[in-house]
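Data block below; observations after.
Number of protein chains: 2
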Amino acid sequence: MRPPEYLIDAIKKNNSFLILTHTTPDGDAFGSSIALKFLLEQFNKKAEIYAEYPIPVQYQFLPGSDSIKNIELLKVEDLVFSCNCAKENSLPFDILILVDCNNLSRISYKKEIIEKIKTFSGTKLIIDHHVESNLPDHNSLKWIDPQKAATGIMVFYLIKAFNGEITPQIATNLYTAIIVDTGNFQFENTTKEVLSIASELVSYGAKPSYIYQHSFESWSQNRFRLFIKMLNNIELFPPIAISFISKKDFDETLTQESDTERFVEFLRILKEVNITALFREIQEGFLKVSLRSKGDLDVSKIAEEFGGGGHKNAAGYRISASFEEARNKLIEKMKVYNMLK
Amino acid sequence: MRPPEYLIDAIKKNNSFLILTHTTPDGDAFGSSIALKFLLEQFNKKAEIYAEYPIPVQYQFLPGSDSIKNIELLKVEDLVFSCNCAKENSLPFDILILVDCNNLSRISYKKEIIEKIKTFSGTKLIIDHHVESNLPDHNSLKWIDPQKAATGIMVFYLIKAFNGEITPQIATNLYTAIIVDTGNFQFENTTKEVLSIASELVSYGAKPSYIYQHSFESWSQNRFRLFIKMLNNIELFPPIAISFISKKDFDETLTQESDTERFVEFLRILKEVNITALFREIQEGFLKVSLRSKGDLDVSKIAEEFGGGGHKNAAGYRISASFEEARNKLIEKMKVYNMLK
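Taken in sequence, the protein lines are chains A and B.
Note that the UniProt record's numbering has the first sequence beginning at 1, numbered continuously upward.
Note that the UniProt record's numbering has the second sequence beginning at 1, numbered continuously upward.
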């Protein structure tokens with residue numbers, strides 16, 4: 001497939017790129033952004049990625065991840081169309097590219113950063129595979145394809161369209177993007193195309209086992225202890241499995257929210273379970289809830305009922321409530337949607 | 001790649017095939033055997049698979065698995081060269097094919113079955129990717145390639161060599177063979193070739209997520225409770241993680257050895273852990289030990305020291321000892337091999 005010509009043209013015409021991605025960036029966010037930066041640099045363009053800090057330990061192995069800058073250090077004076085306004089030691093940007101994200105409000109949890117980004121006067125491009133949300137700025141040049149398993153696959157096609165070189169560094173970033181968003185080829189989005197591109201990336205130097213180990217097998221002992229706590233807290237009433245991690249569990253294991261990545265997916269391992277829910281007590285009385293489902297069960301509808309969102313098989317929301325209250329409300333909604341009797 | 005001509009010739013010349021595989025058959029054993037049976041049937045040959053019963057629940061979805069026969073029902077009078085000796089309601093075999101196994105002694109735990117198989121008077125073929133062990137019968141026609149990630153990949157090439165049709169049923173069996181032996185594309189044996197063949201199998205009708213769910217996400221609640229017991233029994237002293245499942249653990253959760261598939265692999269998830277060992281008490285005082293390693297660490301050497309074997313990153317052995325004794329002996333050997341200080 002070939003990316004839209006207006007996107008290719010916009011990249012060709014500009015020289016200095018600001019790359020941003022979503023909050024709590026994952027392997028697709030980082031891998032796609034870094035691969036795009038490397039592509040632009042092959043054509044002697046300047047590019048900078050600004051993202052939330054710190055970079056999670058499991059993605060620090062990504063070649064180029066050390067060049068990512070802390071989004072809190074983004075200066076408003078850089079957010080201008082470059083022309084002749086370049087200052088020394090500063091990098092004004094011609095163009096902003098949102099990668100793996102199609103909504104300005106998802107770039108940061110901090111309002112002042114969002115407002116700062118909104119002052120950007122240049123063109124905005126969007127490269128993303130998430131379902132389109134309402135954009136504050138509808139003048140963006142968008143390439144949004146929810147049929148693609150990962151934004152990394154779209155960046156792969158972009159590199160092909162530019163006849164760019166897929167270096168081992170780029171291959172490693174794109175392979176990571178793909179395996180993180182397909183659960184290492186286990187989710188419904190694992191297609192012939194996904195496996196074929198993965199194979200091609202290996203021929204360009206991506207090392208599957210090495211990348212898998214860094215992305216998925218880099219648990220600390222504390223995280224492992226937290227996982228055991230979650231398993232011990234499980235409530236199993238097929239087709240539902242629910243678990244809960246309390247603030248106390250986090251404190252006792254010296255862990256934080258980012259340590260729970262992939263916990264909820266693990267509960268899918270039960271044959272009779274089609275829907276899994278994980279409640280995490282971020283602060284007392286404030287919970288983050290992750291929902292996962294198998295097959296045609298659409299948990300994004302449930303998440304939307306609570307003001308959240310996501311995909312059919314992976315969604316989430318936040319709620320101010322105790323675990324018991326939130327759990328009971330979720331069960332009620334599941335009954336409304338005939339997911340539970 | 002093309003299988004050896006003597007193997008192709010032997011298949012062409014014969015009409016009635018007995019397919020056998022190793023004890024405690026896994027997805028590669030079943031998937032490769034069934035795909036081979038389907039290939040032979042495309043050429044109007046007769047083929048029967050005899051294997052240990054019952055077929056584990058996670059492989060009962062495999063198309064053709066319902067035609068597998070219980071190896072304990074194999075009759076000695078069937079183990080003759082066919083010619084004119086065929087009886088009604090009986091199927092004498094021209095030729096025996098060992099699939100995913102290269103040693104007659106690994107076909108069954110029962111000596112009388114091994115002895116019965118040794119009476120087979122026809123030709124023996126071997127298609128396998130395990131390192132060759134000492135064979136009681138060196139007159140077999142062997143195609144053994146330890147460079148291949150799964151025997152399923154070799155059967156894939158065999159089908160290509162015969163210009164056979166890769167039906168959705170065959171694709172599903174071969175895809176399962178591949179993902180079970182590569183840990184769904186996570187182990188060191190995941191190559192460009194593996195991913196490329198997987199992609200091709202999807203184009204022939206294999207459904208990755210469906211197959212993954214059946215093969216890997218079909219745990220019973222009892223198995224899940226056994227897993228939690230294993231995690232609670234863990235001893236962590238990086239780079240080693242050791243766990244133990246007692247006879248009592250099995251009994252309390254109404255589980256058996258086959259329920260521990262992939263348990264030892266899970267412990268790889270710890271960043272600081274490079275070698276994992278799982279001791280399973282099959283009978284009081286009799287243990288099965290599984291070893292796994294990351295990267296260049298060769299645990300097959302350790303397994304060989306105890307009379308077992310396997311691959312560099314996945315090996316095992318059996319030992320008559322208490323857990324404490326066996327554990328201490330293992331640690332001693334690891335020190336000898338400089339895997340532990």
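All C-beta atoms, glycine included, are put in the ideal place defined by N, C-alpha and C.
Please read these numbers as outputs of a predicted model, since none were measured by experiment.
Cβ of residue i within 8 Å of any chain A Cβ
i	result
residue 351 of chain B	This structure does not reach residue 351 of chain B, given that chain B is present from 1 up to 341, and the question cannot be answered.
residue 342 of chain B	Absent from the structure is residue 342 of chain B, since the part of chain B shown begins at 1 and ends at 341.
B:P146	no
B:S196	yes
B:I331	no
B:S199	yes
B:I153	no
DSSP three-state assignment for residue i, whether helix, strand or coil
i	result
B:N15	coil
A:K118	helix
B:Y210	helix
B:N222	helix
B:E305	helix
A:G152	helix
A:I197	helix
A:E52	coil
A:N70	strand
A:N338	coil
A:D298	coil
B:I228	helix
A:A35	helix
B:R327	helix
B:D28	helix
B:D145	coil
B:F204	In the sequence under discussion, the amino acid at residue 204 of chain B is Tyr, which differs from the Phe named in the question. Of the three classes helix, strand and coil, the one that applies to B:Y204 here is coil, per DSSP.
B:K87	Note that B:K87 has pLDDT 45, beneath the 50 cutoff, so the model's placement of it is unreliable and the number below is only indicative. B:K87: coil per DSSP, three-state reduction.
B:I97	strand
A:V273	coil
A:R106	helix
A:F61	coil
B:A321	coil
A:I166	coil
B:V289	strand
B:T172	helix
A:L254	coil
Beta carbon proximity, residue i to chain B, threshold 8 Å
i	result
A:V202	yes
A:C85	Confidence is the limiting factor: at A:C85 the pLDDT is only 46, short of 50, which leaves the residue's position unreliable, though a coordinate-based value still follows. Chain B contact via Cβ: absent.
A:K294	yes
A:F61	no
A:F156	no
A:S82	Only weak support is given to the placement of A:S82: the predicted model assigns it a pLDDT of 46, under 50, and the question is left unresolved by the model.
A:I34	no
A:F224	yes
For residue j and residue i, believed in contact at Cβ under 8 Å, the rounded distance
i	j	result
A:R268	A:K294	6 Å
B:L195	A:V202	6 Å
B:Y6	B:L104	With 8 Å as the limit, B:Y6 and B:L104 do not qualify as a contact, their Cβ atoms being about 20 Å apart.
B:L158	B:P3	5 Å
A:S65	A:F30	6 Å
B:F162	B:F93	That belief does not hold up - the Cβ atoms of B:F162 and B:F93 are roughly 20 Å apart, past 8 Å.
B:A326	B:A315	No, B:A326 and B:A315 are not in contact; Cβ-Cβ is about 15 Å, not under 8 Å.
B:S32	B:V99	5 Å
B:I113	B:E72	7 Å
Residue i CB to nearest heavy atom of the ligand FMN below 7 Å
i	result
B:E257	In the structure on display, the ligand FMN does not appear, and there are no ligands present to speak of.
Listed by chain order, chain E residues near residue i by CB distance under 9 Å
i	result
B:I228	Judged by its chain identifiers, the structure shown contains no chain E, and its protein chains are A and B.
If the cut-off is 7 Å on Cβ atoms, which residues from the segment 237 to 256 of chain A count as contacting chain B, listed in chain order?
none
Is it true that the segment 177 to 195 of chain A meets the segment 163 to 176 of chain B, where meeting means three or more beta-carbon pairs spaced less than 8 Å apart?
no
Three Cβ pairs or more, each shorter than 8 Å: is that satisfied between the segment 236 to 245 of chain B and the segment 265 to 284 of chain B?
yes
Members of the segment 110 to 132 of chain A near chain B, C-beta cut-off 8 Å
Using a CB distance below 8 Å, no part of the segment 110 to 132 of chain A faces chain B.
Residues of the segment 204 to 219 of chain B whose Cβ lies closer than 8 Å to any Cβ of chain A, in chain order
P208, S209, Y212, Q213, F216, E217, S218 and W219
The segment 159 to 192 of chain A: positions lying closer than 7 Å to chain B by Cβ
Against chain B - using a Cβ distance shorter than 7 Å - the residues of the segment 159 to 192 of chain A are N184, F185, Q186, F187, E188, T190, T191 and K192.
Contact the segment 216 to 229 of chain B vs the segment 246 to 261 of chain B: 3+ CB pairs below 8 Å
Judged by pairs of C-beta atoms under 8 Å, the segment 216 to 229 of chain B touches the segment 246 to 261 of chain B, as three or more such pairs exist.
Below 9 Å between beta carbons is the criterion; list the residues of the segment 269 to 292 of chain A that meet it against any residue of chain B, in chain order.
In summary, the residues of the segment 269 to 292 of chain A whose CB is separated from some CB of chain B by less than 9 Å are I269, L270, K271, E272 and V273, in the order they occur in the chain.
Pair every Cβ in the segment 112 to 120 of chain A with every Cβ in the segment 143 to 160 of chain A, then say whether three or more of these pairs are closer than 8 Å.
no
Members of the segment 29 to 54 of chain B that neighbour chain A once the beta carbon cut-off is set at 8 Å:
none
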